[in-house]
Amino acid sequence: MPKGLKRALVGAMTALVCYCLLGFLILPGAAQRLVNQQLVQYATVPARLQRIEFNPFSLEVRLFDLRIGDQGGEQIGFEQLYLDLMWNSLWRRTLQIADMELSGLQTEVTFDKNGTLNLSQLFDIPPSDSPTDEDDEPFALVIDRLRLKEGRVHFADARPDEPVDIRLDSLDFELLNFATRSDAAADATLVAAGPSGARLEWKGRFSSAPISSSGRLSISDLALRDVWAYAQDAVPLKLKQGRLSAATDYQLDLAQGTELQLNGLEARLAPLELDTLDDAPLIRLEALEIDNSTLSLAERKVTIGTLRSRKLEAWATRRENGEIDWLAMFAKQTGEDASPSEPASDGAPDQPWQVMVGTAQLRGYRAHLTDQVPAQPVTLELGPLDLDVANFDSQGNEPFDLRLDTGVGNRGSLSAAGQLHLSPASGQLTIETKDIDLRIAQAYLSPFLHLELRSGLLSSQMELTLADTDPLTFRADGAVDVTQLHTLDTINNRDLLKWQRLHLDKLTYEHPKLLDIGAVELTQPYARFIINPDLTTNINDLLVDKSGSASETSPAQGAGQPEEAMAIRIGGIAIDDGSANFSDLSLRPPFITAVQELNGSIGALDNRAQQPATVNVAGKVDRYAPVSIEGSLTPFDPLQSLELATRFRQVELTTLSPYSGKFAGYRIRKGRMDLDLHYRINQGQLNAQNKVVLQQLQLGEKVDSPQAVDLPIRLAVALLKDSKGVISLELPVQGNLNNPEFDVMPIVWQTLRNLVTRAAKAPFRFLGGLVGGRQADLDKVPFAPGSSELTQAARANLDTLAQALKERPVLRLEIEGQGSPQADGPHLAEQWLRREYQQTLYNMRQRSGETVPADPAELTVSEDDEPILLEGIYRSRLKQQPPAQWAELDEQARSERMRDAILASRADSPALLRRLSRERASAIKDYLVDQGGLADARLYLLDTGITEPGEDGQVPTALHLGAE
2 MPKGLKRALV GAMTALVCYC LLGFLILPGA AQRLVNQQLV QYATVPARLQ
52 RIEFNPFSLE VRLFDLRIGD QGGEQIGFEQ LYLDLMWNSL WRRTLQIADM
102 ELSGLQTEVT FDKNGTLNLS QLFDIPPSDS PTDEDDEPFA LVIDRLRLKE
152 GRVHFADARP DEPVDIRLDS LDFELLNFAT RSDAAADATL VAAGPSGARL
202 EWKGRFSSAP ISSSGRLSIS DLALRDVWAY AQDAVPLKLK QGRLSAATDY
252 QLDLAQGTEL QLNGLEARLA PLELDTLDDA PLIRLEALEI DNSTLSLAER
302 KVTIGTLRSR KLEAWATRRE NGEIDWLAMF AKQTGEDASP SEPASDGAPD
352 QPWQVMVGTA QLRGYRAHLT DQVPAQPVTL ELGPLDLDVA NFDSQGNEPF
402 DLRLDTGVGN RGSLSAAGQL HLSPASGQLT IETKDIDLRI AQAYLSPFLH
452 LELRSGLLSS QMELTLADTD PLTFRADGAV DVTQLHTLDT INNRDLLKWQ
502 RLHLDKLTYE HPKLLDIGAV ELTQPYARFI INPDLTTNIN DLLVDKSGSA
552 SETSPAQGAG QPEEAMAIRI GGIAIDDGSA NFSDLSLRPP FITAVQELNG
602 SIGALDNRAQ QPATVNVAGK VDRYAPVSIE GSLTPFDPLQ SLELATRFRQ
652 VELTTLSPYS GKFAGYRIRK GRMDLDLHYR INQGQLNAQN KVVLQQLQLG
702 EKVDSPQAVD LPIRLAVALL KDSKGVISLE LPVQGNLNNP EFDVMPIVWQ
752 TLRNLVTRAA KAPFRFLGGL VGGRQADLDK VPFAPGSSEL TQAARANLDT
802 LAQALKERPV LRLEIEGQGS PQADGPHLAE QWLRREYQQT LYNMRQRSGE
852 TVPADPAELT VSEDDEPILL EGIYRSRLKQ QPPAQWAELD EQARSERMRD
902 AILASRADSP ALLRRLSRER ASAIKDYLVD QGGLADARLY LLDTGITEPG
952 EDGQVPTALH LGAE
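Residue numbers (our numbering): 2 to 965.
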């Protein structure tokens, strides 16, 4: 071998050995020492790189086991970093890495309470003295492939009130074809497992010049509890449970500002539970899903293709100070975060966000609403609530479709369907309500009225047309029903106003100028009117005295032009089977009467046309006496025109005995009255023709009354009767209603003329022996003590008597209802207590919203319920607590003591005895009318009386015969 070649080979081998020594041994060791020296110099915590390997032939570099931080608490580290450098980096002036792989990355990212980031405190690097040039190009770097494998990141933040602690495990990242000085985008994928089973996936493209990215990002099963601490500053609520999954295609471009576009956005929130900071429940959600949605940051536009939600349950309360708890929770946070808004750089206001919803479906929602402002808090349950919305646009460019169905309270329902337009606010809705419980209004009525709303249901079918909201302008057309209304006067604990049904048909309301009701139908209406002993009425007593809290009227009120009165028109009012009770407690004894079977109609009422409305109403007083009202009137200005004819027929004068005792000084023993009242008003001028006809009037005992007239009433009555025992009085009344001047002289002269011309008394003939030998059995009707039921023997006697009266049509029968205190009293007390049991149980069930029969008497009271009811009856009726010594008795003995005390308090009740006596008389009359076939005009009810029981223990009721 030539020496030259040999020397060349030896030199080459020597150079190769030196190159290998330098590359494999010296250079890695020097680099490792240099790196560790730099770490020692600049790191503020222990830091060390374990080993570096370098292949000088393939330019592969491996860095092993980097640890920065205290042992056992490293903050940054990795197991191995692999770099595959390209040779062309030496002449292209660009660092090109064919392959870069980082394994076992571990990173701790923490913020302390002061907001200091731990990573910013790891190194103490002096600032650079060389000025930076914003136009300098970035470092030339090309990475063909970069992969992060099995990485772990621990993030902790102590700044929120509730610290955040998140760990990302199994972090895998891959980046392909990345270059810092190229417009080409790099492909990248990212997969990470988050806390509580969450998973993050990203696949897309990334470019650094300019910074932009596109791809698809998804996160699944994220537990909101892990990140809720950040939201809690803006949303002052406590998260109990919540998981979120979302996926979207995106495009991000930071070349000119921030441009973000999301497409194909899908999200699912299920479940979600939120409470207030006081652990009160606020929201419970089973699921919320959105599909086919987009977001454009540049256009400030969100489009939700489909939104579906199931079973949301929410609670809301209006507090005692009038604040809504939801608004109050966010008001403080909003006030703290509010700051003066900075104007845009061009002086133009920010464009508002536009939210569009294709379809939204809410199913099975429930709302628990509470109002604590009234003294008695009000609760209202809404649900299950279903809501459908389609084509919604927050900018209001087009109308959107709406459909709502929900339950209201225990049995009510509300539905609405139609279209609404946000700008301008307008729309059309079909609204239907059914069986809305009106008792919810009780708490709002109680501060103003002594009135208890026992029951009442609202139903309606309306077409609502909204024209504008500023000012509020709308029109409602349809029908309204209020059924089973029952109100109670809480002062007297008596029924005040009720009806079975109030129907408003063809209703039109144009806010605020028109109310038009085609027809009003009242079914079984009832009203009670009472004159108190001090001459006030129960209507006056209804108002709660507010004199001490009357507020001053603001001076601004009433200023300006008066508003035009609303036009009111009612096409007609129909009354079906009405009734009423009237009581005058200023008299002794009190006057009480009832009107039943009220039927009739009232014509059209119009406050603009002022045309007279026809009136045609008929009924009966105390079941048998017909009453009718016919004519016309202008209801909104009755002094303009009125003509009414009122007729009473066959009214029992015994019911008017309290008035005769007060003003005439005598009670009425018997008699009937026909009354004709004909009133005419024309432009305030009254012209009335009244006619009173009294039949078979017979005065009773004298009554001491300071208001009685000082005249010989008995003589006057006797003289006024004609040959048939009839008194006829003509009572004309004339005057100016604006300044009344009534002429009473015609009444006085008419009375005197009748006294002179009718000097003879009407003859009285008593007949006996009508059925020969059985008159002793027929002049009295025996009743079992405490009962008004006719016995079989009594019915047989009455059948015989009815037959006799049919054969003698000139006869009349007078029935004197009688009772015995010693025989009837205990039984009446027992019956009264039984009714009290039923009424008390009826009231309890009605207040609790249970279904109750039309009459408390239909209820069955079990023996187990009686002790409980007896306790309340004792306290309410005897106005006292049970004696303390009774508490030592067993339950049965205590109940017997209370029962005996209650019965003793009612055993001698004159009112119960009088009522029984009248019921006995009515039972006899009813039987003779309904079964005996006698005309009721031949039967007279006398005032009740007291009698003694017979030898057989039964209580007789006396019958008297009279002739026409």
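Just so it is clear, CB atoms sit at the ideal spot from N, CA and C, and this is done for glycine as well.
Through-space distance from R846 to E644, alpha-carbon basis: Approximately 47 Å between the Cα atoms of the pair.
Residue of D436, R440, G397 and N582 minimising C-alpha distance to Q420: Considering only alpha carbons, the answer is G397.
Burial state of I27, where buried means 16 or more other Cβ atoms lie within 10 Å: By the 10 Å Cβ count, I27 comes out exposed.
Rounded separation between A646 and S456 - CA only: About 36 Å.
Sufficient close CB pairs (3 or more, under 8 Å) joining the region 92-108 to the region 75-83: Cβ pair count under 8 Å is three or more, so yes.
Helix, strand or coil at A763 [DSSP, three-state]: Low confidence applies here, because A763 scores a pLDDT of 31, under 50, leaving its location unreliable and the question unanswered by this model.
Min CB distance C21 to chain D below 8 Å: The displayed structure is made up of one protein chain only, and chain D is not part of it.
Same chain, Cβ closer than 7 Å to P636, neighbours up to 5 away in sequence not counted: So the list reads L606 and A614, once near-sequence residues are dropped.
Span separating the alpha-carbon of L415 from that of A480: L415 and A480 have their C-alpha atoms roughly 15 Å apart.
Per DSSP, cross-strand counterpart(s) of I325: DSSP lists R319 as the beta-bridge partner residues of I325.
Rounded C-alpha distance that separates F65 from R52: Cα to Cα, F65 sits roughly 5 Å from R52.
As assigned by DSSP and simplified to three states, the class of I126: Coil.
Option nearest V974 by Cα separation, candidates S297, I325, K703 and K880: Because residue 974 is not part of the residues shown, which for the chain are 2 to 965, the question remains open.
Limits of the unbroken beta strand (DSSP E) element including L363: Where L363 is concerned, the enclosing beta strand (DSSP E) stretches over Q355 to D372.
Where N539 sits in the DSSP three-state scheme: When DSSP states are grouped into helix, strand and coil, N539 belongs to the helix group.
Contiguous beta strand (DSSP E) assignments of at least 3 residues, all confined to the region 910-949: The qualifying runs are 940-947.
Residues of its chain near N264, where Cβ-Cβ distance is below 6 Å and the 5 sequence neighbours each way are ignored: D250 and T295.
Whole-angstrom distance between L289 and L266, CA atom to CA atom: Straight-line spacing of the CA atoms in L266 and L289 works out to 14 Å.
Selected residue, minimal CA-CA separation from R668, among L654, L261, Y680 and I167: The closest CA to that of R668, considering only L654, L261, Y680 and I167, is found on L654.
With 16 other Cβ atoms within 10 Å as the buried cut-off, status of R320: R320 should be labelled exposed.
Enclosing beta strand (DSSP E) for S584 [first to last residue]: S584 -> beta strand (DSSP E) spans I574 to D585.
Contacting residues, own chain, Cβ-Cβ under 6 Å from R939 (five flanking each side not counted): The residues are R813.
Unbroken alpha helix (DSSP H) run spanning E851, endpoints: Per DSSP, E851 lies in no alpha helix (DSSP H) and is assigned neither H nor E.
Contact under 8 Å by Cβ, E151 with S171: Taking C-beta atoms as the reference points, E151 and S171 count as a pair closer than 8 Å.
Neighbourhood of R8 by C-beta distance below 6 Å, restricted to the same chain and skipping five residues each side: Excluding residues within five positions, none has a Cβ falling inside 6 Å.
In chain order, each alpha helix (DSSP H) run of at least 4 residues that lies wholly inside the region 406-481: Uninterrupted alpha helix (DSSP H) stretches at least 4 residues long and entirely within the region 406-481 occur at 443-446, given in chain order.
Buried versus exposed, by CB contacts within 10 Å (16 or more), V955: This sequence places Gln at residue 955; Val is not what is there. Residue burial is scored here from C-beta neighbours: Q955 has at least 16 other C-beta atoms within 10 angstroms and is therefore classed as buried.
Between the CA atoms of L23 and G5 - distance to the nearest angstrom: Straight-line Cα distance between these residues: approximately 26 Å.
Rounded C-alpha distance that separates A905 from L871: Each residue's Cα considered, the two are about 14 Å apart.
Buried or exposed by the 16-neighbour rule on C-beta atoms within 10 Å, applied to M674: With 16 or more other Cβ atoms within 10 Å, it is buried.
Touch test, the region 361-373 against the region 307-318, Cβ-Cβ under 8 Å, three pairs minimum: In short, these stretches touch, since the Cβ pair count reaches three.
Reference R217; option with closest CA among G195, A189, V36 and R226: The shortest Cα separation from R217 among G195, A189, V36 and R226 belongs to A189.
Helix, strand or coil at G12 according to DSSP, with G and I counted as helix: Looking at G12 - three-state DSSP - the assignment turns out to be helix.
Cβ shell of A268 (< 6 Å), same chain only, five flanking positions each side left out: A247 and I291, listed in sequence order.
Outcome for E949 when other beta-carbon atoms lying within 10 angstroms are tallied against a minimum of 16: With fewer than 16 Cβ atoms within 10 Å of its Cβ, E949 is classed as exposed.
Reduced DSSP secondary structure (H/G/I, E/B, other) of E553: The pLDDT assigned to E553 is 44, lower than 50, so where the model puts this residue is not dependable, and the model offers no usable value.
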